[in-house]
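Chemist: Numbering (this note's numbering), first residue to last: 5 to 352.
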């Protein structure tokens, strides 16, 4: 694992917006881009098929769009995404760009995009992956998750979930869906919105996602409301467990907390081992690590399957809790397996 620190302060944040077909991505994106705070945001859109419908819908909101009408993200977006980001690298400074939003096609598994952002050395000199936001259609989410593995990955890999169309389902159905989302990704807060009307700062505020995720790990569930306007209906949900369904069979989400610091070499050796053994099933690993070499300065780790961001050392802990806190989202890997291998490397 590369030990170079990640110069986040000197690079542009890249937010990936995903969600299955009809889940409200474009509506949400249009609302975000109308906010003056995001006037310097560059947008990259990937669409399925030759006709740029979403681009047409967004034309009156933002003129400086990079349209990728090349089909499925999973198969072919890598080259185009690199080209688009390199174009922004050259022209973005003159345009005053301070953030990049990538909207994927609804059929896309977001993992290849995250791999690109994490593994390309040239990109890492100018951009850093900030967070993944996934929209979820409350009406059709159940059947979509049953039938499409890509939709399961969209939820499992997310830093935040945005639930739409909640007013079209019963409270019982909504709670069942929230429990299912919690089982797939217990670390991601859920914002329930209508007509895409959400305070953009709720999606992008609160510091780096690794801070949010690390702070949440091991803590009790919370449920908070925000009713700033008649149309805005935002919630933070963390609920109990749900039963497995079809494509999300075997998906596990859990947090590991270590009370004592671990040597950096031991941690990286353990991470290399589990990545080599179970890489494809490690859907996402994220968190803060307390290392013996500098316990007052945590190391941020962030990986998707076998690809990891270069670890970054923070100047200080984001909260009073200075324990190692790691969130795992896995397929077919129980927490006991992770605990067992980690225990070997944490023994003094």
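All residues carry an ideal CB built from backbone N, CA and C; glycine is no exception.
#1: Can you list the beta strand (DSSP E) stretches of 3 or more residues lying completely in the region 250-334, in chain order?
#2: Provide the residue(s) that pair with residue 166 in DSSP beta bridges, ordered along the chain.
#3: Quick check on DSSP: helix, strand or coil for residue 107?
#4: Using only the alpha-carbon positions, how far apart do residue 296 and residue 313 sit?
#5: Residue 19 lies in the beta strand (DSSP E); which residues open and close that run?
#6: Taking all protein chains shown into account, decide if residue 110 is buried (16 or more other Cβ within 10 angstroms of its Cβ) or exposed.
#7: For residue 85 and residue 104, which I take to be in contact (beta-carbon distance under 8 Å), what is that distance rounded to the nearest angstrom?
#8: Rounded to whole angstroms, what's the CA-CA distance from residue 163 to residue 319? Just pull it up for me.
#9: Buried or exposed, going by whether 16 or more other CB atoms sit within 10 Å of the CB of residue 38?
#10: Kindly list the residues whose CB is nearer than 8 Å to the CB of residue 41, restricted to its own chain and excluding five residues on each side of it in sequence; keep chain order.
#11: Based on Cα-Cα distance, which residue from 283, 49, 46, 173 lies nearest to residue 310?
#12: Check each candidate in 345, 259, 333, 293 and name the one with the smallest Cα separation from residue 158.
#13: Is there a Cβ of chain C sitting closer than 8 Å to that of residue 297, yes or no?
#14: Where does residue 101 sit, in a helix, a strand or coil, going by DSSP?
#15: Who are the near neighbours of residue 44 in its chain, counting only those whose CB is closer than 8 Å to its CB and skipping five residues on each side?
#16: By the 10 Å Cβ neighbour count, where 16 or more other Cβ atoms means buried, how is residue 190 classified, buried or exposed?
#17: In the DSSP output, what is residue 337 paired with across the bridge?
#18: Using CA atoms only, rank isn't needed, just tell me which of 335, 175, 264, 31 is closest to residue 346.
#19: Looking only at C-alpha atoms, which of 21, 122, 107, 88 sits nearest to residue 306?
#20: Report the rounded CA-to-CA distance for residue 27 versus residue 181, giving the unit in angstroms.
#21: Name the DSSP beta bridge partners of residue 133, please?
#22: Taking its Cβ as the centre, do 16 or more other Cβ atoms sit within 10 Å of residue 303, making it buried, or is it exposed?
#23: Considering only the beta carbon of each residue, do residue 271 and residue 208 sit closer than 8 Å?
#24: Can you tell me whether DSSP reads residue 45 as helix, strand or coil?
#25: Do residue 137 and residue 260 have their CB atoms nearer than 8 Å?
#26: Applying the criterion that 16 or more other CB atoms from any shown protein chain within 10 Å of the CB defines a buried residue, is residue 351 buried or exposed?
#27: Could you give the distance in angstroms between the alpha-carbon of residue 288 and the alpha-carbon of residue 160?
#28: I believe residue 278 touches residue 328 by the beta-carbon criterion, under 8 Å. Please report the beta-carbon distance rounded to the nearest angstrom.
#29: How long is the line joining the alpha carbons of residue 167 and residue 196, rounded to whole angstroms?
Modeler: Let me spell this out:
#1: 255-262, 286-293, 303-308
#2: In the chain shown, residue 166 corresponds to position 162, counting from 1. Looking at the DSSP assignment, residue 166 forms a beta bridge with 139, 195.
#3: Within the chain shown, numbered from 1, the residue matching residue 107 stands at position 103. Residue 107 falls in the strand class under three-state DSSP.
#4: Here residue 296 refers to the residue found at position 292 of the chain shown. Here residue 313 refers to the residue found at position 309 of the chain shown. Cα to Cα, the separation comes out at about 21 Å.
#5: As a working note, residue 19 is residue 15 in the chain shown. Note, residue 19: beta strand (DSSP E), 16-23.
#6: As a position in the chain shown, residue 110 is number 106, starting the count at 1. The residue in question, residue 110, is buried, as its Cβ has 16 or more Cβ neighbours within 10 Å.
#7: To locate residue 85, count along the chain shown from 1; it is residue 81. To locate residue 104, count along the chain shown from 1; it is residue 100. 10 Å between Cβ atoms; not a contact.
#8: Counting from one through the chain shown, the residue named residue 163 turns up at place 159. Counting from one through the chain shown, the residue named residue 319 turns up at place 315. One C-alpha to the other measures close to 23 Å.
#9: Position 34 of the chain shown, counted from the start, is the residue given in the question as residue 38. Classification of residue 38: exposed, given that the 10 Å Cβ count is below 16.
#10: For the purposes of this step, residue 41 is taken as residue 37 along the chain shown, with counting starting at 1. Excluding residues within five positions, the ones whose Cβ falls inside 8 Å are 204, 205.
#11: For the purposes of this step, residue 310 is taken as residue 306 along the chain shown, with counting starting at 1. The shortest Cα separation from residue 310 among 283, 49, 46, 173 belongs to 283.
#12: Along the chain shown, read from residue 1 onward, the residue named residue 158 stands at position 154. That would be 333, whose Cα lies nearest to the Cα of residue 158.
#13: Of the chains in the structure shown, none is chain C; there is only one protein chain.
#14: Here residue 101 refers to the residue found at position 97 of the chain shown. Correct three-state label for residue 101: coil.
#15: By one-based count along the chain shown, residue 44 stands at place 40. Hits under 8 Å: 99, 100, 101, 102, 103.
#16: To locate residue 190, count along the chain shown from 1; it is residue 186. Counting Cβ neighbours within 10 Å, residue 190 comes out buried, since at least 16 surround it.
#17: Position 333 of the chain shown holds residue 337. None; residue 337 has no bridge partner.
#18: To locate residue 346, count along the chain shown from 1; it is residue 342. For the residues 335, 175, 264, 31, the minimum Cα distance to residue 346 belongs to 264.
#19: On the chain shown, residue 306 is found 302 positions in, with the first residue counted as 1. Taking only the C-alpha atoms, the option nearest residue 306 is 122.
#20: For this step, residue 27 is matched to residue 23 along the chain shown. For this step, residue 181 is matched to residue 177 along the chain shown. Approximately 14 Å between the Cα atoms of the pair.
#21: Position 129 of the chain shown, counted from the start, is the residue given in the question as residue 133. Under DSSP, residue 133 forms a beta bridge with 18.
#22: For the purposes of this step, residue 303 is taken as the residue at position 299 of the chain shown. Classification of residue 303: buried, given that the 10 Å Cβ count is 16 or more.
#23: As a working mapping, residue 271 is identified with position 267 in the chain shown. As a working mapping, residue 208 is identified with position 204 in the chain shown. It is not a contact, given that the beta carbons lie outside the stated cut-off.
#24: Taking the chain shown and counting its residues from 1, one reaches residue 45 at position 41. Correct three-state label for residue 45: strand.
#25: One-based indexing of the chain shown puts residue 137 at position 133. One-based indexing of the chain shown puts residue 260 at position 256. No, Cβ-Cβ distance for residue 137 and residue 260 is not below 8 Å.
#26: The count along the chain shown starts at 1 and reaches residue 351 at position 347. Per the 10 Å Cβ criterion, exposed.
#27: The count along the chain shown starts at 1 and reaches residue 288 at position 284. The count along the chain shown starts at 1 and reaches residue 160 at position 156. Approximately 8 Å between the Cα atoms of the pair.
#28: Here residue 278 corresponds to residue number 274 of the chain shown, with the count starting at 1. Here residue 328 corresponds to residue number 324 of the chain shown, with the count starting at 1. The beta-carbon separation of residue 278 and residue 328, rounded to 15 Å, does not stay under the 8 Å limit for a contact.
#29: Indexing the chain shown from 1 puts residue 167 at position 163. Indexing the chain shown from 1 puts residue 196 at position 192. Looking at the two C-alpha atoms, the distance is approximately 5 Å.
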